[in-house]
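J.: Handing you a structure now.
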Amino acid sequence: MDVESLEQSIQQDISKANSVEALEEARIRYLGRKGRITALLRNIKDVPPTERPQIGAVANRLKQLAEGLLEQKTTALRATQTASRFYTPPRDATLPAHEGARGHRHILSQTVSELKEIFFGMGYSLAPGPDVELEYYNFQALNFPDEHPSRDLQDTFYVTDDILLRTHTSPVQIRFMENNKPPLKIIAAGRVYRNETIDQSHAAEFHQIEGLYVDNNVSLADLKKDVEVFIQQLFGAKTKVRFRPHFFPFTEPSAEVDMTCFACNGAGCSVCGQVGWIEIMGAGMVHPNVFRAVGYDPEVYSGFAFGLGVDRVAMIKYGIDDIRLFLSNDFRFLEQF
Ligand code: DAH
């Protein structure tokens with residue numbers, strides 16, 4: 031037997047073993063039940079008695095060598111394994127980035143923007159006004175009689191006796207006229223508040239866009255033209271418009287404006303409740319008392335005004351059947367737009 035080559039292969043095999051499994055294989059190869067060193071020790075009884083001490087010494091030295099090397103290597107392997115548990119591979123900066131959930135504009139904001147753009151294109155500019163309003167601007171200056179039912183606590187959120195949450199965007203008309211002289215052509219947009227019983231088509235908070243045009247010789251024909259242009263831009267050139275007589279304190283004459291149903295073109299369907307027409311806004315010629323409240327001479331100036339619900343426009347346009355969805359913050363709803 032070549033002791034030298036056996037010793038070499040022990041050293042090589044153990045130093046090559048780079049995993050716990052490979053090391054175990056090496057141990058079995060030399061020290062297992064059928065291992066080469068084990069065989070050497072076992073076969074001592076077959077050699078002549080004079081050679082036994084020498085062979086025994088060699089076999090024991092090899093056994094100790096193997097055991098020592100195995101222990102060293104095991105310790106070394108354990109150390110690198112522990113280190114590798116704390117090791118984080120370098121990040122690959124070239125991998126595509128993970129796309130997080132991204133927000134987008136609320137459907138009402140989108141609708142307000144769309145409506146504003148149409149009015150800007152028609153020569154209107156935007157006028158500001160507060161949500162918390164004086165009763166004077168919300169009612170009195172707009173020619174609401176003192177006993178008008180909409181002043182009632184049932185409809186209006188009062189903050190104090192003469193401060194309230196505006197029930198419509200019309201007070202912006204008064205504020206703007208107080209500070210500006212005709213000609214003027216403005217829209218006001220924003221949230222309005224009513225003490226409503228909430229259901230599918232009534233919310234306590236909703237949104238309006240108001241329009242006002244004042245100059246010399248503004249006529250009902252001018253109103254009809256602007257309303258028609260606006261509605262046709264929004265719902266298509268084939269849309270027809272009709273004015274139905276109505277009452278608003280701040281306009282005379284006043285009208286409610288209907289348009290032909292965009293879904294059936296006026297034939298009657300489930301969207302318009304089979305009537306072919308959809309109510310879209312209120313409008314009228316500015317009442318002389320409103321002009322007097324802001325110091326305009328009603329003999330010199332005339333004007334028209336209109337107001338429409340943004341929520342309602344969005345509901346019609348996108349087939350939304352419950353106004354409460356707009357402020358419900360339900361992602362399943364919001365993500366559709
Ligand atoms: N302010 C009315 C409302 O909230 C809407 C309205 C109707 C506004 C006619 C107007 C108008 O400017 O002329 O119901």
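Just so you know, we're using the numbering used here here: the sequence shown kicks off at 31 and counts up by one. Cβ atoms here follow ideal geometry from the backbone N, Cα and C, with glycine treated the same way.
Please tell me whether, using a cut-off of 7 Å, the distance from the CB of residue 249 to the nearest non-hydrogen atom of the ligand DAH is below it.
T.: no
J.: For residue 204, I'd like the list of residues in its chain whose CB is within less than 7 Å of its CB, leaving aside the five on either flank, ordered along the chain.
T.: 167, 171, 172, 323, 324
J.: In angstroms with no decimal places, state the Cα-to-Cα distance between residue 228 and residue 245.
T.: 40 Å
J.: Please identify the residue among 238, 96, 103, 212 whose C-alpha is closest to the C-alpha of residue 221.
T.: 238
J.: Would you check if the distance between the CB atom of residue 261 and the CB atom of residue 240 is smaller than 8 Å?
T.: no
J.: Flag this pair as yes or no: are the beta carbons of residue 306 and residue 199 separated by less than 8 Å?
T.: no
J.: When you compare the CB positions of residue 156 and residue 219, do they come within less than 8 Å of one another, or not?
T.: yes
J.: By alpha-carbon positions, which one of 36, 208, 141 ends up nearest to residue 346?
T.: 141
J.: Where residue 350 and residue 344 are concerned, what is the direct C-alpha to C-alpha distance, given to the nearest angstrom?
T.: 7 Å
J.: Among the residues of its own chain, which have a CB less than 8 Å from the CB of residue 355, if the five just before and after it don't count?
T.: Excluding sequence neighbours, residue 355 sits near 363.
J.: Spell out a yes or no on whether the region 100–119 and the region 50–67 are touching, meaning 3 or more CB-CB pairs, one atom from each, closer than 8 Å.
T.: yes
J.: Just to confirm, are residue 313 and residue 257 a CB contact at a threshold of 8 Å?
T.: yes
J.: What are the boundary residues of the beta strand (DSSP E) that residue 315 is part of?
T.: 307–316
J.: Could you check what DSSP says for residue 105 in three-state terms: helix, strand or coil?
T.: helix
J.: Tell me the DSSP bridge mates of residue 281?
T.: 278, 316
J.: Enumerated in chain order, which unbroken segments of the alpha helix (DSSP H) with a length of 4 residues or greater are wholly contained in the region 51–117?
T.: 66–72, 82–115
J.: For the ligand DAH, I want to know if residue 170 counts as a neighbour, meaning its beta carbon is within less than 7 Å of at least one of the ligand's heavy atoms.
T.: no
J.: Is any heavy atom of the ligand DAH found at a distance shorter than 7 Å from the C-beta of residue 238?
T.: yes
J.: Is residue 335 near the ligand DAH, with its Cβ less than 7 Å from a heavy atom?
T.: yes
J.: Would you tell me roughly how many angstroms separate the C-alpha atoms of residue 213 and residue 263, rounded to the nearest one?
T.: 24 Å
J.: In the DSSP output, which residue or residues are listed as bridge partners for residue 193?
T.: 164
J.: Assuming contact is defined by CB atoms lying nearer than 8 Å, are residue 369 and residue 92 in contact in what I supplied?
T.: There is simply no residue 369 to check, as the chain begins at 31 and stops at 367 in what is shown.
J.: As a quick exercise: from 169, 111, 189, 282, pick the residue whose alpha carbon is nearest that of residue 201.
T.: Considering only alpha carbons, the answer is 169.
J.: Classify residue 240 as helix, strand or coil using the three-state DSSP reduction.
T.: strand
J.: Can the beta-carbon of residue 353 be found less than 8 Å from the beta-carbon of residue 249?
T.: no
J.: Over what stretch of residues does the alpha helix (DSSP H) that includes residue 151 continue unbroken?
T.: 137–151
J.: Rounded C-beta distance between residue 191 and residue 225? I'm assuming under 8 Å.
T.: No, residue 191 and residue 225 are not in contact; Cβ-Cβ is about 16 Å, not under 8 Å.
J.: Any heavy atom of the ligand DAH closer than 7 Å to the beta-carbon of residue 136?
T.: Answer for residue 136: no, Cβ out of range of the ligand DAH.
J.: Using beta-carbon positions only, say whether residue 164 and residue 193 come within less than 8 Å of one another.
T.: In contact: residue 164 and residue 193 (Cβ atoms closer than 8 Å).
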